[in-house]
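Engineer: Mind having a look at this structure? Questions to follow.
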Amino acid sequence: MYSFIAKRLAIAVPTLLILIIFSFILMFAAPGGPFGGERPPPAAVLANIEARYGLDQPYIVQMFSYVKNVVFHFDFGPSFQYRDRTVNDVIAQGFPVTLTYGAWSALVAVVVGVSLGVAAAIRQNTWLDYLAVGITIGAQALPNFVMAPMLVLLFTLGLGWLPGGGWSGGLLIDACDAGDRLCFNNPFGGAVRFDYLILPVIALSTSYMASIARITRSSMLEVMNSNFIRTAMAKGLPMRRVIFRHALKPALLPVISYLGPAVVGMITGSVVVDVAFSTGGIGQFFVNSAFSRDYAVIMGITILVGALTILFNLLVDVLYAWIDPKIRY
Amino acid sequence: MITQTDVKMLEETAHLAQVRGRSLWEDARVRFFRNKAAVAGLFVLIAICAFALFGGLFAKFEPDYVDFSLMGANAYQGVPSLSSGHYFGTDIDGRDLFARTVQGTSISLLVGIVGSLVAVVVGTLYGATAGYVGGRTDGIMMRIVDILMSIPFMFVLILMLVIFGRSILMLFIGIGLISWLNMARIARGQTLTIKNKEFVEAAIATGVSPFTIILRHIIPNLLGIVIVYATLLVPEMIIFESFISYLGLGVQEPNTSLGALINAGASQMTNGTLWMLFYPLGFFLITLFAFFFVGDGLRDALDPKDR
Numbered sequence: 000m001y002s003f004i005a006k007r008l009a010i011a012v013p014t015l016l017i018l019i020i021f022s023f024i025l026m027f028a029a030p031g032g033p034f035g036g037e038r039p040p041p042a043a044v045l046a047n048i049e050a051r052y053g054l055d056q057p058y059i060v061q062m063f064s065y066v067k068n069v070v071f072h073f074d075f076g077p078s079f080q081y082r083d084r085t086v087n088d089v090i091a092q093g094f095p096v097t098l099t100y101g102a103w104s105a106l107v108a109v110v111v112g113v114s115l116g117v118a119a120a121i122r123q124n125t126w127l128d129y130l131a132v133g134i135t136i137g138a139q140a141l142p143n144f145v146m147a148p149m150l151v152l153l154f155t156l157g158l159g160w161l162p163g164g165g166w167s168g169g170l171l172i173d174a175c176d177a178g179d180r181l182c183f184n185n186p187f188g189g190a191v192r193f194d195y196l197i198l199p200v201i202a203l204s205t206s207y208m209a210s211i212a213r214i215t216r217s218s219m220l221e222v223m224n225s226n227f228i229r230t231a232m233a234k235g236l237p238m239r240r241v242i243f244r245h246a247l248k249p250a251l252l253p254v255i256s257y258l259g260p261a262v263v264g265m266i267t268g269s270v271v272v273d274v275a276f277s278t279g280g281i282g283q284f285f286v287n288s289a290f291s292r293d294y295a296v297i298m299g300i301t302i303l304v305g306a307l308t309i310l311f312n313l314l315v316d317v318l319y320a321w322i323d324p325k326i327r328y
Numbered sequence: 000m001i002t003q004t005d006v007k008m009l010e011e012t013a014h015l016a017q018v019r020g021r022s023l024w025e026d027a028r029v030r031f032f033r034n035k036a037a038v039a040g041l042f043v044l045i046a047i048c049a050f051a052l053f054g055g056l057f058a059k060f061e062p063d064y065v066d067f068s069l070m071g072a073n074a075y076q077g078v079p080s081l082s083s084g085h086y087f088g089t090d091i092d093g094r095d096l097f098a099r100t101v102q103g104t105s106i107s108l109l110v111g112i113v114g115s116l117v118a119v120v121v122g123t124l125y126g127a128t129a130g131y132v133g134g135r136t137d138g139i140m141m142r143i144v145d146i147l148m149s150i151p152f153m154f155v156l157i158l159m160l161v162i163f164g165r166s167i168l169m170l171f172i173g174i175g176l177i178s179w180l181n182m183a184r185i186a187r188g189q190t191l192t193i194k195n196k197e198f199v200e201a202a203i204a205t206g207v208s209p210f211t212i213i214l215r216h217i218i219p220n221l222l223g224i225v226i227v228y229a230t231l232l233v234p235e236m237i238i239f240e241s242f243i244s245y246l247g248l249g250v251q252e253p254n255t256s257l258g259a260l261i262n263a264g265a266s267q268m269t270n271g272t273l274w275m276l277f278y279p280l281g282f283f284l285i286t287l288f289a290f291f292f293v294g295d296g297l298r299d300a301l302d303p304k305d306r
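Just so you know, the sequences run in chain order R and P. Residue 265 in numbering that gives the first Met the number 0 sits at position 266 of the first sequence; the count goes up by one each step and never skips. Residue 197 in numbering that gives the first Met the number 0 sits at position 198 of the second sequence; the count goes up by one each step and never skips.
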């Protein structure tokens, strides 16, 4: 087990380093510096600015200091666009937002997807099964950037139930206003408000929910036809117990291996959510920086996302190996 | 002595020999055409390709022609109508949405097909080589694929688009870089099961060079599974490109793609010009569904595993 983790780490760490170095080389292949633009400042000023950001050093020196700062100090350097802020400030502002709706989306995708899949498998070839299969096929072809405008059209412009964008403080706020919907005061202080969260979570989780439901359904069908389930039934155990104690655990194994790609897809999808709903997560900063050519922020977010991706894949692999003793690496 | 009945029997067997044997490909074709959803998907796909190729002939306007009298007034003057020649209405800048939808569909299809072709050529060759050679070469080659796969390519591609300028060529390069990874894995797995078969052994025994064995004996036997995954890869690549264009970072004006059109429609939703959203969205979804159905049909027909 430990050797397996060590082996996976031995791949993960170089991958991350390659990503950092690759993005750094890309940045230097870029035509024009960040301070050029249509009206470049006088040469002396430019030289001073470049010295301030360390751009006058040889590339290789810059690269080493960048990698060193990222790896050992988790410092992505100053932003080129927001002159008074560092990339770390930008990430610290946007990342909690992304994490909030990302975690809720993952939760919704897993809980709804697994329930739907199990229900469809147990009631195979009934209306419930057909409904679930229909939903999964439909939702698969609805990527998040298609879901987002359709949700706004239906729930904001059509029904007027939910705000079509914005974040305004997010999930945990100080107190509810009189007109707030879906806002609950906590007796111990503070309040929880869901109205700004719902549409982003639906947009982000639907297609993954559909995939999880499909995977759960097919693996559950396979498990329910296996011998040990027949034995459990023959013992006269109640159906509920057979499903929850015997069938669910082996049936969920393929779902766990799908969680890695799903979480990565949700991190990527958060860019669309931020653009479509103006939620102000890291995706919004990423796209804004892409338009204003703020390489430092783009690189910082790319590396952060890369690290998260690699970390999640590692976690899922380890979890899988831990749960399923049949797997020996 | 040959009797009369023997002659008759011989004639009959001669006749039997003329009945054409059914090849695996023919079997697959029969299975595919028995699948109604797949055939319907195929017809829809042909219709969409025709729309992308020849739809421009029916458009009354160029996709980048700006009608200044309609600019900003499209909510009430640029309504879809047959009489004005704007079949799908106009967008916020007074451009004909029908011509732009044709252009967007063809660019989206092009991106999907190019991505899929790269996957077929590079991925198949790479995977087949790794699987056939085996050993340390295989380990290194597949480790490279593992590393590339664990990189968040959407972000790296956007970084590349920002640095080298946004263009269709850059999109093709970016999509070509990632599309072949899964295909390489699939081709390698399949090659591992093929390479120990007798006909490969026979080829080795007669002194055929490894490269020729891969090209002449391994790859033709991979084709079935490669075709299936290539078909399913096209919609994936279309989604990928539309994702980037939706963010405004992909195809640049005056060119457009379905993702960019969906974004433009979504940003004008409050303006009462819903046709700007629904026409591109409709074509996007129909294209995706058609590819999914055809891909599923091909898988049922060609992939012996799921039968």
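C-beta atoms are modelled at their ideal positions from N, C-alpha and C, and glycine is treated no differently. No experiment lies behind these values; they were computed from the predicted model shown.
1) Just the chain P side, please: which residues come within less than 9 angstroms of residue 86 of chain R by C-beta, in chain order?
2) Would you check if the stretch 62–70 of chain P and the stretch 94–104 of chain P touch, i.e. whether three or more CB-CB distances between them fall below 8 angstroms?
3) With a Cβ-Cβ cutoff of 9 angstroms, do residue 288 of chain P and residue 140 of chain R count as a contact?
4) Report the start-end ranges of each beta strand (DSSP E) in the stretch 76–112 of chain P that is 3 residues or longer and not cut off at the edges.
5) In this structure, how does DSSP classify residue 57 of chain P when only helix, strand and coil are distinguished?
6) CA-CA distance, residue 190 of chain P and residue 296 of chain R?
7) How far does the beta strand (DSSP E) with residue 209 of chain R in it reach, from first residue to last?
8) Compare the Cα-Cα distances from residue 85 of chain R to each of R:293, R:166, R:307 and report the closest residue.
9) Between the alpha carbons of residue 204 of chain P and residue 233 of chain P, how many angstroms are there, rounded?
10) Helix, strand or coil for residue 267 of chain R, going by three-state DSSP, please let me know.
11) Which residues, in order along the stretch 123–136 of chain P, keep a beta-carbon less than 9 angstroms from a beta-carbon of chain R?
12) Here's the rule I'm using: 16 or more other beta-carbon atoms within 10 Å means buried, otherwise exposed. How should residue 85 of chain P be labelled?
13) Restricting to Cα atoms, I'd like to know which of P:116, P:168, P:33 is closest to residue 249 of chain P.
14) Using the DSSP secondary-structure output, state which residues sit across from residue 85 of chain R in a beta bridge.
15) Is it the case that the Cβ atoms of residue 34 of chain P and residue 229 of chain P are separated by a distance below 9 angstroms?
16) Here's a check: name, in chain order, each residue in its chain whose Cβ is nearer than 8 angstroms to the Cβ of residue 286 of chain R, leaving out the five neighbours to either side.
17) Mind checking which residues open and close the alpha helix (DSSP H) that includes residue 153 of chain P?
18) Applying the criterion that 16 or more other CB atoms from any shown protein chain within 10 Å of the CB defines a buried residue, is residue 60 of chain R buried or exposed?
19) Thinking C-alpha only, which one of R:237, R:255, R:301 is nearest residue 267 of chain R?
20) Is there a Cβ of chain R sitting closer than 9 angstroms to that of residue 238 of chain P, yes or no?
21) Would you say the beta carbon of residue 101 of chain R is closer than 8 angstroms to some non-hydrogen atom of the ligand ADP?
22) State the DSSP-derived secondary structure class of residue 140 of chain R, mapped to helix, strand or coil.
23) In angstroms, rounded to a whole number, what distance separates the CA positions of residue 8 of chain R and residue 67 of chain R?
24) Listing by chain order, which chain R residues have their CB less than 7 angstroms from the CB of residue 139 of chain P?
25) Which same chain residues end up closer than 8 angstroms to residue 293 of chain P when comparing Cβ atoms and leaving out the 5 residues on each side of it in sequence?
26) By alpha-carbon positions, which one of R:62, R:104, R:216, R:191 ends up nearest to residue 250 of chain R?
27) Are the CB atoms of residue 106 of chain P and residue 262 of chain P nearer to each other than 9 angstroms?
28) Just by C-beta distance, which residues in the stretch 174–188 of chain P are closer than 9 angstroms to chain R?
29) Give the interface partners of residue 237 of chain R over in chain P, defined as CB-CB distance under 8 angstroms, in chain order.
30) Please confirm whether residue 241 of chain R and residue 228 of chain R have their CB atoms less than 9 angstroms apart.
31) Are the C-beta atoms of residue 97 of chain R and some chain P residue less than 9 angstroms apart?
32) For residue 212 of chain R versus residue 315 of chain R, is the C-beta spacing smaller than 9 angstroms?
33) Less than 9 angstroms between the beta carbons of residue 120 of chain R and residue 223 of chain R, yes or no?
Structural biologist: In short, the structure shows the following:
1) Numbered from its first residue, the first sequence carries residue 86 of chain R at position 87. Neighbours of residue 86 of chain R on chain P: none; closest Cβ ~14 angstroms, over 9 angstroms.
2) yes
3) Stepping through the second sequence from its first residue, residue 288 of chain P is reached at position 289. Stepping through the first sequence from its first residue, residue 140 of chain R is reached at position 141. Going by C-beta atoms, residue 288 of chain P is nearer than 9 angstroms to residue 140 of chain R.
4) None, since the stretch 76–112 of chain P contains no complete beta strand (DSSP E) of that length.
5) Translated into the one-based positions of the second sequence, residue 57 of chain P becomes position 58. Residue 57 of chain P: helix per DSSP, three-state reduction.
6) Locating residue 190 of chain P in the second sequence gives position 191, counting from the first residue. Locating residue 296 of chain R in the first sequence gives position 297, counting from the first residue. Answer to the nearest angstrom: the Cα atoms are 43 angstroms apart.
7) In the first sequence, the residue the question calls residue 209 of chain R occupies position 210. In the DSSP annotation of this structure, residue 209 of chain R is not part of any beta strand (DSSP E); the continuous alpha helix (DSSP H) holding it starts and ends at 194–223.
8) Residue numbering aside, residue 85 of chain R sits at position 86 when the first sequence is read from its first letter. Answer by Cα proximity: R:293.
9) Against the second sequence, residue 204 of chain P aligns to sequence position 205. Against the second sequence, residue 233 of chain P aligns to sequence position 234. Approximately 39 angstroms, taken between the alpha carbons.
10) As a first step, residue 267 of chain R must be located in the first sequence, where it is residue number 268. Helix.
11) none
12) Start at 1 with the first residue of the second sequence, and residue 85 of chain P comes out as number 86. Result: buried.
13) Numbered from 1 along the second sequence, position 250 holds the residue referred to as residue 249 of chain P. In terms of CA proximity to residue 249 of chain P, P:168 leads the group P:116, P:168, P:33.
14) Translated into positions along the first sequence, residue 85 of chain R becomes position 86. DSSP, once it has assigned bridges, lists R:77 as partnering residue 85 of chain R.
15) Reading the second sequence from its first residue, position 35 is the one you call residue 34 of chain P. Reading the second sequence from its first residue, position 230 is the one you call residue 229 of chain P. For residue 34 of chain P and residue 229 of chain P, no; Cβs fall outside 9 angstroms.
16) Along the first sequence, one-based indexing puts residue 286 of chain R at 287. For residue 286 of chain R, where only same-chain residues beyond five positions count, the Cβ hits under 8 angstroms are 270, 273, 274.
17) To locate residue 153 of chain P, count along the second sequence from 1; it is residue 154. Here the alpha helix (DSSP H) through residue 153 of chain P covers 152–163.
18) One-based indexing of the first sequence puts residue 60 of chain R at position 61. By the 10 Å Cβ count, residue 60 of chain R comes out exposed.
19) Translated into the one-based positions of the first sequence, residue 267 of chain R becomes position 268. Among R:237, R:255, R:301, the Cα nearest to that of residue 267 of chain R belongs to R:301.
20) The count along the second sequence starts at 1 and reaches residue 238 of chain P at position 239. Chain R contact via Cβ: present.
21) By its list of ligands, the structure shown contains no ligand whatsoever, and the ligand ADP lies outside what it can speak to.
22) Locating residue 140 of chain R in the first sequence gives position 141, where the first residue counts as 1. Coil, per DSSP.
23) Counted from its first residue, the first sequence places residue 8 of chain R at position 9. Counted from its first residue, the first sequence places residue 67 of chain R at position 68. Their backbone Cα atoms lie some 19 angstroms apart in a straight line.
24) Mapped onto the second sequence, residue 139 of chain P falls at position 140. Those within 7 angstroms of residue 139 of chain P in chain R number zero; the least Cβ separation is about 12 angstroms.
25) Reading the second sequence from its first residue, position 294 is the one you call residue 293 of chain P. For residue 293 of chain P, where only same-chain residues beyond five positions count, the Cβ hits under 8 angstroms are 37, 40, 41, 44, 230.
26) Counted from its first residue, the first sequence places residue 250 of chain R at position 251. For the residues R:62, R:104, R:216, R:191, the minimum Cα distance to residue 250 of chain R belongs to R:216.
27) As a working mapping, residue 106 of chain P is identified with position 107 in the second sequence. As a working mapping, residue 262 of chain P is identified with position 263 in the second sequence. Against a cut-off of 9 angstroms, the Cβ pair of residue 262 of chain P and residue 106 of chain P comes out as no contact.
28) none
29) Here residue 237 of chain R is taken as the residue at index 238 of the first sequence, counted from 1. Result: empty, since nearest Cβ-Cβ is about 34 angstroms, beyond 8 angstroms.
30) Counting from 1 along the first sequence, the entry for residue 241 of chain R is found at position 242. Counting from 1 along the first sequence, the entry for residue 228 of chain R is found at position 229. Yes, they are a contact pair.
31) Taking the first sequence and counting its residues from 1, one reaches residue 97 of chain R at position 98. No, residue 97 of chain R does not count as interfacial toward chain P.
32) The residue given as residue 212 of chain R occupies position 213 in the first sequence. The residue given as residue 315 of chain R occupies position 316 in the first sequence. Not a contact, by the Cβ cut-off of 9 angstroms.
33) Walking along the first sequence from the start, residue 120 of chain R turns up at place 121. Walking along the first sequence from the start, residue 223 of chain R turns up at place 224. Yes.
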